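In my numbering, the protein residues as written are 3 to 569. Virtual Cβ for every residue (Gly too), placed ideally from N, Cα, C. Computed from a predicted model, the values in this text were never measured in an experiment. Everything below concerns the one structure shown next.
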Ligand code: TEU
Ligand code: CA
């Protein structure tokens, strides 16, 4: 693996609408981000990815872009953006933007022109196809429900394709003009001084161009969009071209969002010659999913989390560095989703932080994760804004699930869980805004907020700081960033354990994922305690030397990083 400047960094995702409102209109903005750069610096963050801030009608919260060269007025101006870049640079924080080029907004001028003249040049910017006697050309289902095909206004049998909402028409990557427009735009932003991009839904850019039906997987007679993706060939040609023409000249950082790839393809994505620098590791997030929808999801255990992450790392750590997340703006809060109920407290939150940040890869925090923010309780479907949750709610109702139960189920997975405003203090609305927040603040902000945790040495926030600092620690940094990950004690239940074997140092990571105490034995001699979520003074009181190694007594939900001899 070629060493890269970002390997020892910790990254942080900002969902701008909910991060910090600077002008009191209830919507987070660029000046709010500038205000909080010192906070991020203090936390130890080196890379910040900001979800879309481009001009948008916000049908899908900015993932529907109507002008790639403009900042949406809700977020501020281009001058604010320039200032943000300048201020971030001063603090050695790299700014990464969201690249949403599978689709644009139906309000984008390209689509508006296509509507006026579907047979003209802009018609070819999109996938416009004839239907079957007024019915869609094929049976693919959009990710947000319903057909991917929408009738072109004014025509009886012409449709355009949208993998996501109907207001998000897919861009036709087969058209070289479209690709050149996209590369030009990428270069324009990189020229401005951003460090790179997170590539949204990027695997969708290649379609199965036969546009044929696949076997239905639900009663609606349609098939999931991902079924089609399995038949699409040639995405790598587009991705390599984009790399050569747009990213490589700037040595840009790129991180892909993709869910559907085979382990043997990983080299082509993040190997030394791969099309991206990194991709997110979604392996735990995909577990438990059902093709029927959220209502049919299965809750997964921390042992399943462990096993799938180990499997993923076994393949990936020789090839490149994936990014580890426990949550993002599309996923529920990690602590609510993965921790057993009796571990949903500060100790458990630190344990989950420890597992995630000590796993081989680039740690990618999502705003609020560092203070242990939790899912929100929704008391009515009216409180939900997210387009995906509203669809899944309908799907649940259609399967005969009652309204209360349906709300309960979709609340667990709702994308709005992570989108509630950042909890800065116990002031009204969590100190996020002086106006009315666009989405309700989680009611637990009085106890759970940055201000409360900032000064407290045993807070979740302080533990995150400690873990983040380990990546650049002169003694342990090399092992934390590059050390080979090797599972240990995998036969135990409610337990996660692994070594990180660096060149000089060996670290042993142990997490007792249950409220009961236990003691475990390993064959290495322990030399010292590097981190402990139970807040004991560094020392090795709980470790006993045995004939062939060490026995370690652990409290319920204790998390330890130990240094051991190198064996
Ligand atoms: O998400 C792509 C995606 O496929 C998943 O997010 C999933 O379909 C969705 O969360 C269903 O709940 C990216 C963005 O992260 C997401 O916010 C956007 O809505 C989507 O692309 C469209 O741009
Ligand atoms: Ca604002």
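Open item on the list: Closer than 8 Å is the cut-off here; do at least three beta carbon pairs connect the stretch 541-558 with the stretch 361-374?
Closed with: no
Open item on the list: Tell me which residues share the same chain as residue 417 and place their Cβ nearer than 7 Å to its Cβ, disregarding the 5 neighbours each side in the sequence.
Closed with: 331, 332, 388, 390 and 391
TODO: Determine the direct distance from the alpha carbon of residue 511 to that of residue 75, and round the result to whole angstroms.
DONE: 46 Å
Open item on the list: For residue 94 and residue 21, I'd like the C-alpha separation in whole angstroms.
Closed with: 20 Å
TODO: Under the assumption that residue 285 contacts residue 311 (Cβ atoms under 8 Å), give the Cβ distance between them as a whole number of angstroms.
DONE: 6 Å
Open item on the list: Only counting the same chain, and skipping five residues up and downstream in sequence, which positions put a Cβ closer than 6 Å to that of residue 591?
Closed with: This structure leaves residue 591 out entirely; the chain is present only between 3 and 569.
- [ ] Starting from residue 258, follow the beta strand (DSSP E) in both directions and report where the run begins and ends.
- [x] 255-258
- [ ] Could you please give me the residues that DSSP links to residue 105 through a beta bridge?
- [x] 172
- [ ] Identify every run of the alpha helix (DSSP H) within the stretch 297-382, keeping only runs that are complete inside it and at least 4 residues long; order them along the chain.
- [x] 304-318, 336-340 and 348-360
Open item on the list: What does the alpha-carbon distance come out to for the pair residue 233 and residue 530?
Closed with: 52 Å
- [ ] Let me know the beta strand (DSSP E) ranges lying completely inside the stretch 56-143, each 3 residues or longer, listed in chain order.
- [x] 69-73, 96-101 and 130-132
Open item on the list: Quick check: residue 148 and residue 470, are their CB atoms within less than 9 Å of each other?
Closed with: no
TODO: Would you check if there are 3 or more beta carbon pairs closer than 8 Å linking the stretch 133-142 to the stretch 108-120?
DONE: no
Task: Residue interval of the beta strand (DSSP E) (run including residue 445) - done: Taken as a continuous stretch (DSSP letters only), residue 445 belongs to no beta strand (DSSP E), as it is neither H nor E.
Open item on the list: Let me check understanding here. Comparing Cα to Cα, which of 523, 412 and 358 lies closest to residue 384?
Closed with: 412
TODO: Could you name the residues that DSSP lists as bridge partners for residue 283?
DONE: 326
Task: Element boundaries [alpha helix (DSSP H), containing residue 238] - done: 237-244
Open item on the list: With H, G and I counted as helix, E and B as strand and the rest as coil, what does DSSP make of residue 406?
Closed with: helix
Open item on the list: What does the alpha-carbon distance come out to for the pair residue 124 and residue 146?
Closed with: 25 Å
Open item on the list: With distance defined between alpha-carbon atoms, name the residue in 549, 57, 225 and 307 nearest to residue 495.
Closed with: 307
Open item on the list: Could you give the first and the last residue of the continuous beta strand (DSSP E) run that contains residue 511?
Closed with: 508-514
Open item on the list: For ligand 4, I want to know if residue 435 counts as a neighbour, meaning its beta carbon is within less than 8 Å of at least one of the ligand's heavy atoms.
Closed with: This structure does not include ligand 4; its bound ligands are ligand 1 and ligand 2.
Open item on the list: Using the Cβ count rule (16 or more neighbours within 10 Å means buried), how would you classify residue 452?
Closed with: buried
Open item on the list: Is the beta carbon of residue 91 closer than 9 Å to that of residue 73?
Closed with: no
Open item on the list: Between which residues of its own chain and residue 273 is the CB-CB distance below 7 Å, once the five residues before and five after are set aside?
Closed with: 321 and 322
- [ ] Measure how close the beta-carbons of residue 419 and residue 363 come, nearest whole angstrom, since I'm counting them as under 8 Å.
- [x] The pair is not a contact, with the Cβ atoms about 23 Å apart (cut-off 8 Å).
Open item on the list: On the criterion of 16 or more Cβ atoms from any shown chain inside 10 Å, does residue 244 qualify as buried, or is it exposed?
Closed with: buried
Task: Residue closest to residue 191, alpha-carbon to alpha-carbon, out of 111, 126, 98 and 458 - done: 98
- [ ] Would you kindly report the start and end of the unbroken alpha helix (DSSP H) that includes residue 396?
- [x] 389-400
Open item on the list: On the DSSP bridge list, what partners appear for residue 200?
Closed with: 100 and 257
Task: Bridge partner(s) assigned by DSSP for residue 499 - done: 512
Open item on the list: What does DSSP give as the partner residue(s) for residue 153 in the beta ladder?
Closed with: 161
- [ ] Express the C-alpha separation of residue 69 and residue 187 in angstroms, rounding to a whole number.
- [x] 10 Å
Task: Per-residue DSSP class, three states only, for residue 556 - done: strand
Open item on the list: Quick check on DSSP: helix, strand or coil for residue 425?
Closed with: coil
Open item on the list: Let me make sure I understand the geometry here. Which of 182, 103, 303 and 119 has the alpha-carbon closest to that of residue 205?
Closed with: 103
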